[in-house]
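In my numbering, the protein residues as written are 3 to 315.
Think of the CB as a built atom: it goes at the ideal place given N, C-alpha and C, for glycine as much as any other residue.
Keep in mind it's a predicted model, so treat the numbers as computed, not measured.
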Amino acid sequence: MKLVVRPLQEADLAAAHQIFGESFARFLGLADPRDFLRDRSLIPTRWRADPQAPLGAFVGEELIGSCVVTRWGSFGFIGPVSVRPDFWDKGVAKRLVAAAVAFLEGAGIRQAGLFTFAGSPKHIALYQKFGFWPQCLTPVMTKPVVGARGADAPARFSTLPPAERARCLAQCAEITDRIFSGLAVTTEIGAIADQRLGDTLLIHDERGLAGFACCHVGPGSEAGSGTTFVKFAAVRPGEGAPEVFARVLDACDAIAAEAGCGELVAGINTARHAAYRQMIEQGFRILMSGVAMLRPNEPAFNRPDCFVIDDLR
3 MKLVVRPLQE ADLAAAHQIF GESFARFLGL ADPRDFLRDR SLIPTRWRAD
53 PQAPLGAFVG EELIGSCVVT RWGSFGFIGP VSVRPDFWDK GVAKRLVAAA
103 VAFLEGAGIR QAGLFTFAGS PKHIALYQKF GFWPQCLTPV MTKPVVGARG
153 ADAPARFSTL PPAERARCLA QCAEITDRIF SGLAVTTEIG AIADQRLGDT
203 LLIHDERGLA GFACCHVGPG SEAGSGTTFV KFAAVRPGEG APEVFARVLD
253 ACDAIAAEAG CGELVAGINT ARHAAYRQMI EQGFRILMSG VAMLRPNEPA
303 FNRPDCFVID DLR
(Lines of atoms letter the chains of each structure in order from A; the text may use other names.)
(Lines give C-alpha, C1' and ligand atoms only; values in the text may rest on other atoms or scores of the structure.)
Protein backbone atom coordinates (compact mmCIF):
# COMPACT_ATOMS: atom_id res chain seq x y z
CA MET A 3 0.00 0.00 0.00
CA LYS A 4 1.60 3.25 -1.16
CA LEU A 5 0.28 5.91 1.20
CA VAL A 6 0.67 9.64 0.62
CA VAL A 7 -0.23 12.35 3.13
CA ARG A 8 -0.92 15.80 1.71
CA PRO A 9 -3.18 18.79 2.41
CA LEU A 10 -6.85 18.28 1.67
CA GLN A 11 -8.29 20.05 -1.33
CA GLU A 12 -11.81 21.40 -1.58
CA ALA A 13 -12.79 18.46 -3.77
CA ASP A 14 -11.81 16.09 -0.92
CA LEU A 15 -14.07 17.61 1.73
CA ALA A 16 -17.20 15.56 1.08
CA ALA A 17 -15.26 12.29 1.30
CA ALA A 18 -13.39 13.47 4.42
CA HIS A 19 -16.69 14.40 6.07
CA GLN A 20 -18.15 10.98 5.26
CA ILE A 21 -15.09 9.10 6.58
CA PHE A 22 -15.16 11.19 9.75
CA GLY A 23 -18.76 10.16 10.37
CA GLU A 24 -18.20 6.50 9.51
CA SER A 25 -15.10 6.06 11.64
CA PHE A 26 -16.44 7.71 14.78
CA ALA A 27 -19.83 6.03 14.44
CA ARG A 28 -18.09 2.64 14.19
CA PHE A 29 -15.84 3.34 17.18
CA LEU A 30 -18.77 4.52 19.30
CA GLY A 31 -20.92 1.56 18.27
CA LEU A 32 -23.53 3.56 16.35
CA ALA A 33 -25.35 1.74 13.57
CA ASP A 34 -25.77 4.81 11.35
CA PRO A 35 -23.05 7.46 10.79
CA ARG A 36 -25.82 10.04 10.61
CA ASP A 37 -26.47 9.44 14.32
CA PHE A 38 -23.00 10.84 15.02
CA LEU A 39 -22.78 13.68 12.51
CA ARG A 40 -26.44 14.76 12.45
CA ASP A 41 -26.30 18.05 10.47
CA ARG A 42 -23.05 19.27 11.97
CA SER A 43 -20.15 20.39 9.80
CA LEU A 44 -16.59 20.26 11.12
CA ILE A 45 -13.99 19.37 8.50
CA PRO A 46 -15.38 21.65 5.73
CA THR A 47 -15.73 24.65 8.07
CA ARG A 48 -12.22 24.23 9.46
CA TRP A 49 -10.78 23.79 5.97
CA ARG A 50 -12.34 27.09 4.90
CA ALA A 51 -10.82 28.78 7.95
CA ASP A 52 -7.29 27.47 7.22
CA PRO A 53 -7.05 25.53 3.93
CA GLN A 54 -3.39 24.58 4.43
CA ALA A 55 -3.95 22.80 7.73
CA PRO A 56 -6.29 19.78 7.26
CA LEU A 57 -4.33 16.78 5.98
CA GLY A 58 -5.50 13.76 4.04
CA ALA A 59 -4.14 10.22 3.64
CA PHE A 60 -4.42 8.93 0.08
CA VAL A 61 -3.87 5.61 -1.67
CA GLY A 62 -3.54 6.70 -5.25
CA GLU A 63 -6.26 9.32 -5.63
CA GLU A 64 -8.52 7.70 -3.03
CA LEU A 65 -8.91 9.43 0.31
CA ILE A 66 -8.82 6.96 3.20
CA GLY A 67 -8.38 9.27 6.21
CA SER A 68 -7.77 12.79 7.44
CA CYS A 69 -6.36 14.79 10.31
CA VAL A 70 -7.45 18.35 10.99
CA VAL A 71 -4.85 20.75 12.37
CA THR A 72 -5.93 23.99 14.06
CA ARG A 73 -3.61 26.94 14.72
CA TRP A 74 -4.44 29.39 17.50
CA GLY A 75 -1.38 31.61 17.38
CA SER A 76 1.38 30.00 19.46
CA PHE A 77 -0.87 27.06 20.37
CA GLY A 78 -2.13 24.37 18.02
CA PHE A 79 -4.12 21.18 18.26
CA ILE A 80 -4.74 18.15 16.10
CA GLY A 81 -7.96 16.30 15.55
CA PRO A 82 -10.21 14.84 14.69
CA VAL A 83 -8.09 12.06 13.23
CA SER A 84 -10.32 9.70 11.26
CA VAL A 85 -9.49 6.68 9.13
CA ARG A 86 -11.85 4.65 6.99
CA PRO A 87 -12.69 1.51 9.01
CA ASP A 88 -11.39 -0.92 6.37
CA PHE A 89 -7.96 0.71 6.77
CA TRP A 90 -7.81 0.57 10.58
CA ASP A 91 -4.67 -0.95 12.17
CA LYS A 92 -2.58 -0.41 9.03
CA GLY A 93 -0.50 2.55 10.22
CA VAL A 94 -2.61 5.24 8.55
CA ALA A 95 -3.37 7.18 11.74
CA LYS A 96 0.31 7.08 12.69
CA ARG A 97 1.29 8.61 9.35
CA LEU A 98 -1.36 11.31 9.71
CA VAL A 99 -0.28 12.26 13.23
CA ALA A 100 3.39 12.35 12.18
CA ALA A 101 2.52 14.72 9.35
CA ALA A 102 0.38 16.88 11.65
CA VAL A 103 3.22 17.20 14.19
CA ALA A 104 5.64 18.15 11.42
CA PHE A 105 3.16 20.76 10.19
CA LEU A 106 2.84 22.30 13.65
CA GLU A 107 6.61 22.35 14.13
CA GLY A 108 7.03 24.05 10.78
CA ALA A 109 4.41 26.63 11.74
CA GLY A 110 6.39 27.59 14.87
CA ILE A 111 3.76 26.36 17.32
CA ARG A 112 5.01 26.69 20.89
CA GLN A 113 2.75 24.02 22.36
CA ALA A 114 0.30 21.52 20.90
CA GLY A 115 -2.60 19.57 22.34
CA LEU A 116 -5.44 17.22 21.50
CA PHE A 117 -8.58 15.60 22.92
CA THR A 118 -8.91 11.85 22.91
CA PHE A 119 -10.97 9.14 24.57
CA ALA A 120 -9.83 8.72 28.16
CA GLY A 121 -10.81 5.05 28.17
CA SER A 122 -8.94 4.08 25.00
CA PRO A 123 -5.40 2.78 25.65
CA LYS A 124 -4.93 2.46 21.89
CA HIS A 125 -5.50 6.16 21.24
CA ILE A 126 -3.44 7.31 24.22
CA ALA A 127 -0.52 5.07 23.21
CA LEU A 128 -0.60 6.38 19.64
CA TYR A 129 -0.31 10.01 20.70
CA GLN A 130 2.31 9.29 23.36
CA LYS A 131 4.60 8.07 20.58
CA PHE A 132 4.66 11.65 19.31
CA GLY A 133 5.29 13.31 22.67
CA PHE A 134 1.69 14.06 23.70
CA TRP A 135 1.11 13.18 27.35
CA PRO A 136 -2.22 12.81 29.15
CA GLN A 137 -3.09 15.42 31.73
CA CYS A 138 -6.48 16.29 33.26
CA LEU A 139 -9.89 15.22 32.00
CA THR A 140 -11.83 17.46 29.65
CA PRO A 141 -15.57 16.97 30.11
CA VAL A 142 -17.85 18.07 27.30
CA MET A 143 -20.75 19.59 29.23
CA THR A 144 -24.35 20.41 28.40
CA LYS A 145 -27.25 22.29 29.92
CA PRO A 146 -30.79 23.06 28.87
CA VAL A 147 -31.24 26.59 27.57
CA VAL A 148 -33.26 28.70 29.99
CA GLY A 149 -33.23 32.08 28.22
CA ALA A 150 -32.32 35.59 29.28
CA ARG A 151 -32.10 36.40 32.98
CA GLY A 152 -32.67 40.14 32.75
CA ALA A 153 -29.07 41.04 31.91
CA ASP A 154 -28.25 43.40 29.09
CA ALA A 155 -27.75 41.73 25.72
CA PRO A 156 -24.03 41.27 24.96
CA ALA A 157 -22.33 43.00 22.07
CA ARG A 158 -21.77 40.81 19.01
CA PHE A 159 -18.80 40.73 16.69
CA SER A 160 -21.09 40.36 13.67
CA THR A 161 -22.68 43.77 14.26
CA LEU A 162 -19.40 45.71 14.42
CA PRO A 163 -18.30 47.87 11.48
CA PRO A 164 -15.01 46.83 9.79
CA ALA A 165 -12.84 49.31 11.65
CA GLU A 166 -14.28 48.23 14.98
CA ARG A 167 -13.80 44.56 14.09
CA ALA A 168 -10.05 45.03 13.71
CA ARG A 169 -9.87 46.76 17.09
CA CYS A 170 -11.99 44.04 18.70
CA LEU A 171 -9.75 41.26 17.34
CA ALA A 172 -6.74 43.01 18.85
CA GLN A 173 -8.51 43.25 22.21
CA CYS A 174 -9.43 39.55 22.14
CA ALA A 175 -5.80 38.71 21.35
CA GLU A 176 -4.68 40.83 24.31
CA ILE A 177 -6.85 38.74 26.64
CA THR A 178 -5.64 35.40 25.29
CA ASP A 179 -1.99 36.53 25.28
CA ARG A 180 -2.27 37.27 28.99
CA ILE A 181 -3.56 33.72 29.52
CA PHE A 182 -0.89 32.02 27.37
CA SER A 183 1.78 33.98 25.53
CA GLY A 184 0.97 34.13 21.82
CA LEU A 185 -2.42 32.42 22.09
CA ALA A 186 -4.81 34.01 19.57
CA VAL A 187 -8.15 32.79 18.24
CA THR A 188 -8.69 35.61 15.75
CA THR A 189 -8.97 33.13 12.86
CA GLU A 190 -11.70 31.32 14.81
CA ILE A 191 -13.62 34.56 15.29
CA GLY A 192 -13.20 35.44 11.63
CA ALA A 193 -14.32 31.99 10.46
CA ILE A 194 -17.52 32.18 12.51
CA ALA A 195 -18.30 35.59 11.04
CA ASP A 196 -17.29 34.86 7.44
CA GLN A 197 -19.06 31.49 7.26
CA ARG A 198 -22.04 32.61 9.36
CA LEU A 199 -21.62 29.73 11.76
CA GLY A 200 -22.88 31.66 14.79
CA ASP A 201 -21.39 34.69 16.51
CA THR A 202 -18.73 35.86 18.93
CA LEU A 203 -20.16 37.47 22.06
CA LEU A 204 -18.34 40.38 23.70
CA ILE A 205 -18.53 41.15 27.41
CA HIS A 206 -17.40 44.59 28.57
CA ASP A 207 -16.81 46.23 31.92
CA GLU A 208 -15.49 49.62 33.01
CA ARG A 209 -11.99 48.66 31.82
CA GLY A 210 -13.03 47.60 28.31
CA LEU A 211 -13.36 44.13 26.82
CA ALA A 212 -13.43 41.69 29.74
CA GLY A 213 -14.30 38.44 27.99
CA PHE A 214 -15.63 36.85 24.82
CA ALA A 215 -17.18 33.61 23.58
CA CYS A 216 -16.95 32.06 20.10
CA CYS A 217 -20.27 30.28 19.56
CA HIS A 218 -21.38 27.91 16.81
CA VAL A 219 -25.15 27.85 16.42
CA GLY A 220 -27.42 25.39 14.67
CA PRO A 221 -27.16 23.29 11.49
CA GLY A 222 -24.13 23.61 9.21
CA SER A 223 -21.90 24.62 12.12
CA GLU A 224 -20.05 22.44 14.64
CA ALA A 225 -23.15 22.58 16.86
CA GLY A 226 -25.96 21.05 14.80
CA SER A 227 -29.70 21.57 14.98
CA GLY A 228 -31.11 22.68 18.29
CA THR A 229 -27.67 23.27 19.79
CA THR A 230 -25.33 26.16 20.55
CA PHE A 231 -21.70 25.07 20.99
CA VAL A 232 -19.19 27.30 22.77
CA LYS A 233 -16.02 26.42 20.89
CA PHE A 234 -13.83 28.88 22.78
CA ALA A 235 -14.33 31.48 25.47
CA ALA A 236 -11.90 33.43 27.62
CA VAL A 237 -12.04 35.98 30.40
CA ARG A 238 -9.42 38.60 31.25
CA PRO A 239 -7.35 37.05 34.07
CA GLY A 240 -7.19 38.59 37.52
CA GLU A 241 -9.64 40.28 39.82
CA GLY A 242 -13.28 39.89 38.85
CA ALA A 243 -12.73 36.95 36.49
CA PRO A 244 -15.40 34.71 38.09
CA GLU A 245 -18.04 37.45 37.78
CA VAL A 246 -17.19 38.05 34.12
CA PHE A 247 -17.19 34.31 33.45
CA ALA A 248 -20.73 34.11 34.84
CA ARG A 249 -21.74 36.86 32.43
CA VAL A 250 -20.12 34.97 29.54
CA LEU A 251 -22.12 31.83 30.38
CA ASP A 252 -25.34 33.84 30.63
CA ALA A 253 -24.62 35.49 27.27
CA CYS A 254 -24.12 32.08 25.63
CA ASP A 255 -27.42 30.92 27.07
CA ALA A 256 -29.11 34.07 25.75
CA ILE A 257 -27.84 33.65 22.17
CA ALA A 258 -28.93 30.00 22.27
CA ALA A 259 -32.42 30.98 23.40
CA GLU A 260 -32.67 33.65 20.71
CA ALA A 261 -31.74 31.07 18.07
CA GLY A 262 -34.37 28.65 19.36
CA CYS A 263 -31.83 26.12 20.59
CA GLY A 264 -32.72 23.82 23.46
CA GLU A 265 -29.18 22.77 24.38
CA LEU A 266 -25.97 24.64 25.23
CA VAL A 267 -22.73 22.61 24.92
CA ALA A 268 -19.30 23.64 26.19
CA GLY A 269 -16.13 21.75 27.13
CA ILE A 270 -13.67 22.68 29.85
CA ASN A 271 -10.52 21.12 31.20
CA THR A 272 -10.85 20.20 34.86
CA ALA A 273 -7.46 21.75 35.66
CA ARG A 274 -9.37 25.05 35.40
CA HIS A 275 -11.03 24.02 38.61
CA ALA A 276 -12.80 27.25 39.61
CA ALA A 277 -14.30 27.69 36.14
CA TYR A 278 -15.31 24.02 36.00
CA ARG A 279 -17.10 24.26 39.34
CA GLN A 280 -18.79 27.48 38.26
CA MET A 281 -20.20 25.77 35.18
CA ILE A 282 -21.61 22.97 37.34
CA GLU A 283 -23.18 25.55 39.64
CA GLN A 284 -24.82 27.20 36.61
CA GLY A 285 -26.48 23.97 35.55
CA PHE A 286 -23.98 22.24 33.25
CA ARG A 287 -23.70 18.45 33.43
CA ILE A 288 -21.19 16.10 31.83
CA LEU A 289 -22.21 14.73 28.43
CA MET A 290 -18.96 12.85 27.77
CA SER A 291 -15.36 12.98 28.99
CA GLY A 292 -12.03 12.90 27.21
CA VAL A 293 -8.50 13.58 28.27
CA ALA A 294 -6.29 16.47 27.21
CA MET A 295 -2.87 15.43 25.90
CA LEU A 296 -0.19 18.08 25.48
CA ARG A 297 3.19 18.33 23.76
CA PRO A 298 5.46 19.22 25.54
CA ASN A 299 4.07 17.94 28.83
CA GLU A 300 3.25 21.37 30.26
CA PRO A 301 -0.13 22.83 31.32
CA ALA A 302 -0.42 25.63 28.72
CA PHE A 303 -3.69 27.31 29.76
CA ASN A 304 -5.02 24.30 31.69
CA ARG A 305 -4.40 26.04 35.01
CA PRO A 306 -6.57 26.89 38.04
CA ASP A 307 -6.34 30.64 37.34
CA CYS A 308 -7.70 30.34 33.79
CA PHE A 309 -11.37 30.97 33.00
CA VAL A 310 -11.32 29.45 29.52
CA ILE A 311 -13.76 27.23 27.65
CA ASP A 312 -12.54 24.83 24.97
CA ASP A 313 -12.28 21.08 24.49
CA LEU A 314 -9.84 20.67 21.55
CA ARG A 315 -12.16 18.27 19.70
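Per DSSP, residue i forms a beta bridge with which residues?
| i | result |
| --- | --- |
| residue 207 | 210 |
| residue 113 | 77 |
| residue 265 | 146 and 229 |
| residue 6 | 60 |
| residue 185 | 75 |
| residue 237 | 213 |
From residue i to residue j, what distance separates their C-alpha atoms?
| i | j | result |
| --- | --- | --- |
| residue 85 | residue 94 | 7 Å |
| residue 17 | residue 68 | 10 Å |
| residue 193 | residue 222 | 13 Å |
| residue 254 | residue 179 | 23 Å |
| residue 241 | residue 291 | 30 Å |
| residue 12 | residue 49 | 8 Å |
| residue 169 | residue 277 | 27 Å |
| residue 307 | residue 122 | 29 Å |
| residue 173 | residue 182 | 15 Å |
| residue 202 | residue 35 | 30 Å |
| residue 285 | residue 267 | 11 Å |
| residue 275 | residue 143 | 14 Å |
| residue 159 | residue 9 | 30 Å |
| residue 195 | residue 187 | 13 Å |
| residue 146 | residue 265 | 5 Å |
Using C-beta distances below 8 Å, list every residue in its chain close to residue i, excluding the 5 sequence neighbours before and after it, in chain order.
| i | result |
| --- | --- |
| residue 224 | 42, 43, 44, 47, 199, 218, 231 and 233 |
| residue 87 | 24, 25 and 28 |
| residue 128 | 95, 96 and 99 |
| residue 140 | 117, 269, 270, 271, 272, 291, 292, 293, 294, 313 and 314 |
| residue 111 | 73, 76, 77 and 78 |
When DSSP labels each residue in this structure, what does residue i get in the three-state scheme?
| i | result |
| --- | --- |
| residue 231 | strand |
| residue 216 | strand |
| residue 308 | coil |
| residue 23 | helix |
| residue 72 | strand |
| residue 159 | helix |
| residue 180 | helix |
| residue 65 | strand |
| residue 137 | strand |
| residue 294 | strand |
| residue 47 | helix |
| residue 270 | coil |
| residue 201 | strand |
| residue 28 | helix |
| residue 35 | coil |
| residue 123 | helix |
| residue 82 | strand |
| residue 287 | strand |
Taking the beta carbon of residue i as the centre, do at least 16 other beta carbons fall within 10 Å, making it buried, or is it exposed?
| i | result |
| --- | --- |
| residue 7 | buried |
| residue 204 | buried |
| residue 271 | buried |
| residue 91 | exposed |
| residue 288 | exposed |
| residue 297 | buried |
Would you say residue i faces chain D, with C-beta separation under 7 Å as the test?
| i | result |
| --- | --- |
| residue 20 | This model lacks chain D altogether; it includes just one protein chain. |
Is any non-hydrogen atom of the ligand FMN found closer than 6 Å to the C-beta of residue i, if you look at the structure I gave you?
| i | result |
| --- | --- |
| residue 41 | No copy of the ligand FMN appears in this structure; indeed no ligand is present at all. |
Leaving out five residues on either side along the sequence, give the residues of the same chain with a beta carbon under 6 Å from the beta carbon of residue i.
| i | result |
| --- | --- |
| residue 58 | 10, 14, 65 and 68 |
| residue 238 | 177 and 212 |
| residue 89 | 66 |
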